[in-house]
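Colleague: Pasting in a structure now, in structure tokens, and then I'll have a few things to ask.
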Amino acid sequence: MFTTGSKLFIGATTLAVVGALIFGITQSDSKLGTIGLVSAAIALVFLMGINFWVRDSNVSPTDTAALTTAPASHEAPPRSMWPMVAALGVALIPVGLVVGRAITWMAVIVILVATVEWMVQSWSERASADSAYNASIRKRIMHPLELPVLGALGLGLIIFSFSRIMLRLPAAAGAIAFGAVASIVLLFGSLLAAKRTVGRSVVGTLCTIGAVGIIGFGVTSAIAGGREIVKHEIPSFAEGTCGTEHGEADHNASRAIALKSNLAATIVLQNGTLHADVIGVIGAKTTITLGRSTNSYIRFVNLDDDKHRLVADLGVDEVNINGTATKVPQQSCTQAVGKDGAQFLVLRPTRPSFSSTTPFTLSVPGVDSTITIEVP
Amino acid sequence: MTTNQTRHRRWALPLAGFGALVVLSGCAKDAPQDTWQPAGDNARKIDNLQQPVFMIAGLVLVIVAAVVGYCVFKFRDKGQAIPQQSHGKPALEIALTIIPALILVGIGIPTVNTLFKLAKTSDTQCVVNVTGQQWWWEYDYPVQDGCGGISAPIVTSGQLVIPAGQKVLLRISSRDVIHSYWIPKLNGKRDAVPGRVQTLRLQADQPGIYAGQCTEFCGLSHAYMRMEAVSLDAAGFKSWVENQLAPYEAPAAGSTASQGEALFVSQCSRCHQVNGILGADGTPVISRPDKYVYSGAVPNLTNLMTRTTFAGAAYDLMTQDCKTALWNTPSAQFSAKYLEGVSPECLDTVQLRQWLRNAPAKKPMYADPAKLVETGGKYRGMPNLGLTEDQIDKLISYLTERK
Ligand SMILES: [Cu+2]
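Protein chains in written order, with the UniProt record's numbering: chain H, 1 to 376; chain X, 1 to 403.
What follows is the structure, encoded as structure tokens:
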């Protein structure tokens with residue numbers, strides 16, 4: 001009645017249950033062991049059931065049909081890694097949920113890849129009785145997909161490692177190191193070309209060593225982090241005018257076509273003096289007139305050597321701050337730009353210039369020249 | 001003949017008559033907004049282009065209509081057998097492709113040429129900023145050596161004053177929605193787009209007045225958003241500039257106008273600027289339209305009476321007779337006549353009173369305080385201020401001194 005296999009599992013189950021009882025009674029303050037042993041008992045009962053159900057996969061000597069149909073009579077299919085990969089993917093999902101979204105996405109990709117590979121493999125294994133032929137049709141379908149993807153991944157890994165190594169090495173050492181690497185590659189290539197008899201395995205081994213070396217260095221560099229990159233800070237030209245300035249000037253601002261095509265004025269700093277260019281306006285190089293309650297785009301062009309910024313001063317305005325009318329200077333600045341650089345300033349005066357005791361101006365800190373702004 | 005056909009016939013004559021009338025109305029001799037009557041260099045360039053183009057187009061229309069008509073009549077169904085069918089006639093097809101292509105090239109070259117001429121800005125002699133907002137145009141004159149010299153900014157509304165014979169460059173923009181500036185006798189249209197400055201050349205050969213209206217639908221009172229271009233001779237323009245920049249003259253103490261001034265400060269000055277006006281404490285009163293009006297701008301009333309219209313040039317400050325007389329003044333006398341401004345004999349305050357009594361009733365505007373959610377409480381237009389007749393009298397006597 002009971003098969004040999006199921007008897008083994010019955011025994012083991014009994015052992016686990018007895019163990020659990022003893023453990024539970026003697027070590028009453030630790031529940032973990034009991035839980036483990038009970039779990040083992042459940043798993044063992046399950047295995048016992050399977051063994052019982054398939055009757056140990058044995059074929060009865062009287063069952064002649066089973067000689068061809070029973071699993072044992074088939075040639076065993078080749079080992080497959082896809083169930084394991086899929087399991088890894090599934091296991092990664094909870095990890096990803098805890099650690100980060102990137103891992104979850106990786107897990108999903110792993111599961112998808114494993115599913116597809118697994119499906120194609122098991123389909124190919126049922127194609128015929130000839131396992132060599134089966135393997136060949138699997139390759140015919142999957143290689144056009146696998147090889148480019150694996151190639152790209154491998155290449156990406158090498159490039160990424162390269163970049164990490166470069167960022168890790170000091171700037172000067174990087175140049176030397178990569179000069180050396182390039183020379184070695186060149187030397188190796190020339191040797192190969194000269195001596196055609198070098199075996200495949202030698203080339204393969206050398207390439208592998210090279211790749212492992214690069215990836216290894218890359219990984220260690222990535223973990224160690226990049227070298228410190230010096231940031232060029234531009235000091236403020238007029239502390240207090242518009243606050244301290246950090247970072248590099250936004251040179252892209254000068255390329256904004258929308259701004260350029262709607263200029264109210266171009267303010268040029270040349271040889272230490274400012275002058276204004278307004279389309280159509282004759283004369284008036286030191287006065288510009290801007291509309292009230294409308295945006296005016298001002299372009300500042302620096303033709304002098306030092307870095308400069310344009311500062312707009314639109315007097316003082318009363319602004320409601322937390323319920324009290326507070327007088328706030330209406331100042332705005334461009335970033336500092338070097339020679340031939342350009343920056344934009346958007347002004348929207350809300351009061352006429354005659355309302356202010358001081359004139360509205362455009363000026364450059366450190367330069368003794370101003371443009372007067374008139375607002376009607 | 002079926003009854004249906006009879007009914008069609010009955011409608012045909014009146015319809016054709018009406019159509020003819022509509023077409024004929026385009027021939028009005030003294031229409032104020034007529035592109036076919038150019039009064040300046042730029043409008044003439046357009047005219048010189050569109051006359052031959054319309055001629056060619058007309059010729060093509062006549063030829064095509066004649067051939068179609070001939071075919072329809074000649075080959076009408078008389079019960080004859082269907083003629084032999086042929087397929088294609090390469091020579092004819094090629095010819096019928098090449099001829100229109102040649103016509104288009106012939107039209108295209110002068111068109112592109114004119115476009116470039118109309119876009120030129122390098123020969124400008126005078127610059128005026130034109131800003132549209134719901135529903136009036138503001139003109140401001142930047143400080144410049146052009147326009148005969150302008151030493152301080154000037155701002156006005158409704159009527160654009162330019163020196164005759166000079167190449168004026170308008171820098172057109174908008175403070176709210178898209179409007180379009182068009183004085184048909186002086187040049188084509190140019191859209192006024194918020195955040196953009198577009199240029200338009202304007203030149204009037206002779207002193208005179210030229211009408212136009214906003215040609216881009218811009219909301220409730222689009223139809224009331226008119227404008228007039230006034231061109232003055234050099235001397236006239238110079239004195240107009242001087243008058244615009246003249247210092248403020250407060251009304252005589254104790255006069256009705258003086259009471260009006262005080263009322264103006266308390267009721268109107270938060271929106272309207274009068275340059276030089278002083279408050280009770282002797283400090284200049286500065287308007288803040290940006291706080292009350294959606295567009296952020298309101299007409300400057302410093303020299304209201306130097307213009308003959310108000311509220312988007314939609315209403316008159318002078319009687320109809322005086323207006324007709326002004327519009328018909330020969331160009332030699334026009335500048336002097338316009339600079340007189342609204343004389344006491346011509347003054348007509350009826351419309352202005354109605355405006356002060358209830359502006360949104362005169363010109364549809366979004367000025368109901370209960371419905372300003374969309375604009376965060378800001379008006380689009382002038383609200384009804386609930387003034388008494390006595391207050392209106394005082395304000396009118398103050399305003400009529402603003403010249
Ligand atoms: Cu409009």
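Note that beta-carbon positions come from the ideal geometry of N, C-alpha and C, so glycine has one too.
(1) Between which residues of its own chain and residue 41 of chain H is the CB-CB distance below 8 angstroms, once the five residues before and five after are set aside?
(2) Grab me the residues of residue 302 of chain X's own chain with a C-beta within less than 6 angstroms of its C-beta, minus the 5 sequence neighbours each way, in chain order.
(3) Consider the Cβ of residue 292 of chain H: report whether some Cβ of chain X lies at a distance smaller than 8 angstroms.
(4) Who are the near neighbours of residue 290 of chain H in its chain, counting only those whose CB is closer than 7 angstroms to its CB and skipping five residues on each side?
(5) Given that residue 264 of chain H touches chain X, what residues does it touch there, using C-beta distances under 8 angstroms?
(6) Within the 8 angstroms Cβ cut-off, does residue 302 of chain H reach chain X?
(7) By DSSP, does residue 157 of chain X sit in helix, in strand, or in coil?
(8) Using a threshold of 8 angstroms, state whether the C-beta atoms of residue 218 of chain X and residue 225 of chain X are closer than that.
(9) I need the DSSP call for residue 210 of chain H, collapsed to helix, strand or coil.
(10) Using the beta-carbon count (16 or more within 10 Å), is residue 306 of chain X buried or exposed?
(11) Hey, is residue 179 of chain X close to ligand 1, as in C-beta under 7 angstroms from one of its heavy atoms?
(12) Along the chain, which unbroken stretches of the beta strand (DSSP E) at least 3 residues long are found entirely within the region 130-203 of chain X?
(13) Please decide whether residue 144 of chain X counts as near chain H, where near means a Cβ-Cβ distance under 8 angstroms.
(14) Using 8 angstroms as the limit for Cβ to Cβ distance, is residue 220 of chain H near chain X?
(15) For the region 306-313 of chain H against the region 276-284 of chain H, are there 3 or more C-beta pairs whose distance is under 8 angstroms?
(16) Just to confirm the assignment: which complete beta strand (DSSP E) runs, minimum length 3, are found wholly within the region 300-375 of chain H?
(17) Please name the residue, chosen from H/261, H/301, H/288, H/283, that lies closest to residue 270 of chain H on a Cα-to-Cα basis.
(18) Check each residue of the region 269-292 of chain X: if its Cβ is closer than 9 angstroms to any Cβ of chain H, include it; give the result in chain order.
(19) Establish whether the CB of residue 153 of chain X and some CB of chain H are separated by less than 8 angstroms.
(20) Specify the secondary structure class of residue 380 of chain X as computed by DSSP and reduced to three states.
(21) Could you give the C-beta distance for residue 114 of chain X and residue 49 of chain X, rounded to a whole number, given that I count them as a contact under 8 angstroms?
(22) Measuring from the CB of residue 55 of chain X, is there a heavy atom of ligand 1 at a distance below 7 angstroms?
(23) Quick one: what does DSSP say residue 316 of chain X is sitting in, helix, strand or coil?
(24) Does residue 282 of chain H come within less than 8 angstroms of chain X when only Cβ atoms are used?
(25) Does the beta carbon of residue 354 of chain H come closer than 8 angstroms to any beta carbon on chain B?
(26) Pick out the complete alpha helix (DSSP H) segments inside the region 119-175 of chain H, 4 residues or longer, and give them in chain order.
(27) By Cβ distance, which residues of its chain are closer than 7 angstroms to residue 120 of chain H, with the 5 residues on each side in sequence left out?
(28) Assign residue 107 of chain H to one of three DSSP states: helix, strand, or coil.
(29) Would you kindly work out how many angstroms separate the C-alpha atoms of residue 192 of chain X and residue 119 of chain X, rounded to a whole number?
(30) Using a beta-carbon distance cut-off of less than 8 angstroms, what residues from the region 157-174 of chain X approach chain H?
(31) Which same chain residues end up closer than 8 angstroms to residue 266 of chain X when comparing Cβ atoms and leaving out the 5 residues on each side of it in sequence?
(32) So residue 180 of chain X and residue 365 of chain X are supposed to be a Cβ contact under 8 angstroms. How far apart are they, rounded?
(33) Just to confirm before moving on: does the CB-CB distance between residue 178 of chain X and residue 200 of chain X stay below 8 angstroms?
(34) Between residue 129 of chain X and chain H, is any beta-carbon pair separated by less than 8 angstroms?
(35) Which value, in whole angstroms, describes the spacing of the CA atoms of residue 226 of chain H and residue 306 of chain H?
Modeller: From the atom records:
(1) By one-based count along the first sequence, residue 41 of chain H stands at place 41. Closer than 8 angstroms at the Cβ level, and outside the excluded window around residue 41 of chain H, lie 13, 16, 17, 20.
(2) One-based indexing of the second sequence puts residue 302 of chain X at position 302. Closer than 6 angstroms at the Cβ level, and outside the excluded window around residue 302 of chain X, lie 274, 275.
(3) As a position in the first sequence, residue 292 of chain H is number 292, starting the count at 1. Taking Cβ atoms only, chain X reaches closer than 8 angstroms to residue 292 of chain H, which makes this a yes.
(4) By one-based count along the first sequence, residue 290 of chain H stands at place 290. Closer than 7 angstroms at Cβ, skipping near neighbours: 264, 296, 347, 349, 373, 375.
(5) On the first sequence, residue 264 of chain H is found 264 positions in, with the first residue counted as 1. Simply 197.
(6) As a working note, residue 302 of chain H is residue 302 in the first sequence. No, residue 302 of chain H lies away from the interface with chain X (no Cβ there is under 8 angstroms from its Cβ).
(7) The residue you call residue 157 of chain X lines up with position 157 of the second sequence. Strand at residue 157 of chain X.
(8) Locating residue 218 of chain X in the second sequence gives position 218, where the first residue counts as 1. Locating residue 225 of chain X in the second sequence gives position 225, where the first residue counts as 1. At the C-beta level, residue 218 of chain X and residue 225 of chain X come within 8 angstroms of one another.
(9) Along the first sequence, one-based indexing puts residue 210 of chain H at 210. In the structure shown, residue 210 of chain H falls within a helical segment according to DSSP collapsed to helix, strand and coil.
(10) Along the second sequence, one-based indexing puts residue 306 of chain X at 306. By the neighbour-count rule (16 or more Cβ atoms within 10 Å), residue 306 of chain X is buried.
(11) As a first step, residue 179 of chain X must be located in the second sequence, where it is residue number 179. Yes, ligand 1 has a heavy atom inside 7 angstroms of this Cβ.
(12) With a minimum length of 3 residues, the unbroken runs of beta strand (DSSP E) contained wholly in the region 130-203 of chain X fall at 136-141, 154-157, 159-163, 168-174, 179-181, 190-192, 198-202.
(13) By 1-based counting over the second sequence, the position of residue 144 of chain X is 144. Taking 8 angstroms as the CB threshold, residue 144 of chain X lines the interface with chain H.
(14) Position 220 of the first sequence holds residue 220 of chain H. No, residue 220 of chain H lies away from the interface with chain X (no Cβ there is under 8 angstroms from its Cβ).
(15) Flag = no, the region 306-313 of chain H and the region 276-284 of chain H do not touch.
(16) Entirely contained in the region 300-375 of chain H, the beta strand (DSSP E) runs reaching 3 residues are, in chain order, 311-321, 324-333, 341-347, 360-363, 370-374.
(17) Reading the first sequence from its first residue, position 270 is the one you call residue 270 of chain H. When each option's Cα is compared against that of residue 270 of chain H, the closest is H/301.
(18) Of all residues in the region 269-292 of chain X, those with a C-beta nearer than 9 angstroms to a C-beta of chain H are 273, 275, 276, 284, 286, 287, 288, 289, 290, 291, reading in chain order.
(19) Counting from 1 along the second sequence, the entry for residue 153 of chain X is found at position 153. Yes, residue 153 of chain X lies at the interface with chain H (some Cβ there is under 8 angstroms from its Cβ).
(20) Looking up residue 380 of chain X in the second sequence gives position 380. DSSP places residue 380 of chain X in strand when its eight states are reduced to three.
(21) For the purposes of this step, residue 114 of chain X is taken as residue 114 along the second sequence, with counting starting at 1. For the purposes of this step, residue 49 of chain X is taken as residue 49 along the second sequence, with counting starting at 1. Separation of the CB atoms of residue 114 of chain X and residue 49 of chain X is rounded to 5 angstroms, and the pair is thereby assigned contact status at 8 angstroms.
(22) Residue numbering aside, residue 55 of chain X sits at position 55 when the second sequence is read from its first letter. Result no, Cβ not under 7 angstroms from ligand 1.
(23) In the second sequence, residue 316 of chain X corresponds to position 316, counting from 1. The answer is strand: DSSP assigns residue 316 of chain X an E or B state.
(24) Taking the first sequence and counting its residues from 1, the one referred to as residue 282 of chain H is at position 282. Closer than 8 angstroms: yes.
(25) The displayed structure is made up of protein chains H and X, and chain B is not among them.
(26) Contiguous alpha helix (DSSP H) elements confined to the region 119-175 of chain H occur at 131-168, taking only those with 4 or more residues.
(27) Within the first sequence, numbered from 1, the residue matching residue 120 of chain H stands at position 120. Excluding its 5 nearest sequence neighbours in each direction, residue 120 of chain H has C-beta neighbours in its own chain below 7 angstroms: 138, 141, 142, listed in chain order.
(28) Here residue 107 of chain H is taken as the residue at index 107 of the first sequence, counted from 1. In the three-state scheme derived from DSSP, where H, G and I count as helix and E and B as strand, residue 107 of chain H is classed as helix.
(29) Position 192 of the second sequence, counted from the start, is the residue given in the question as residue 192 of chain X. Position 119 of the second sequence, counted from the start, is the residue given in the question as residue 119 of chain X. Inter-residue distance for residue 192 of chain X and residue 119 of chain X is about 16 angstroms (C-alpha atoms, whole angstroms).
(30) For the region 157-174 of chain X, the set of residues with a beta-carbon nearer than 8 angstroms to any beta-carbon of chain H comprises 169, 171, 173, in chain order.
(31) Numbered from its first residue, the second sequence carries residue 266 of chain X at position 266. Here the set comprises nothing.
(32) The residue given as residue 180 of chain X occupies position 180 in the second sequence. The residue given as residue 365 of chain X occupies position 365 in the second sequence. 20 angstroms between Cβ atoms; not a contact.
(33) Counting from 1 along the second sequence, the entry for residue 178 of chain X is found at position 178. Counting from 1 along the second sequence, the entry for residue 200 of chain X is found at position 200. Not closer than 8 angstroms, so no.
(34) Taking the first residue of the second sequence as 1, we reach residue 129 of chain X at position 129. Interface with chain H (8 angstroms Cβ-Cβ cutoff): residue 129 of chain X is included.
(35) The sequence position of residue 226 of chain H within the first sequence is 226, counting from 1. The sequence position of residue 306 of chain H within the first sequence is 306, counting from 1. Roughly 33 angstroms between the two C-alpha positions.
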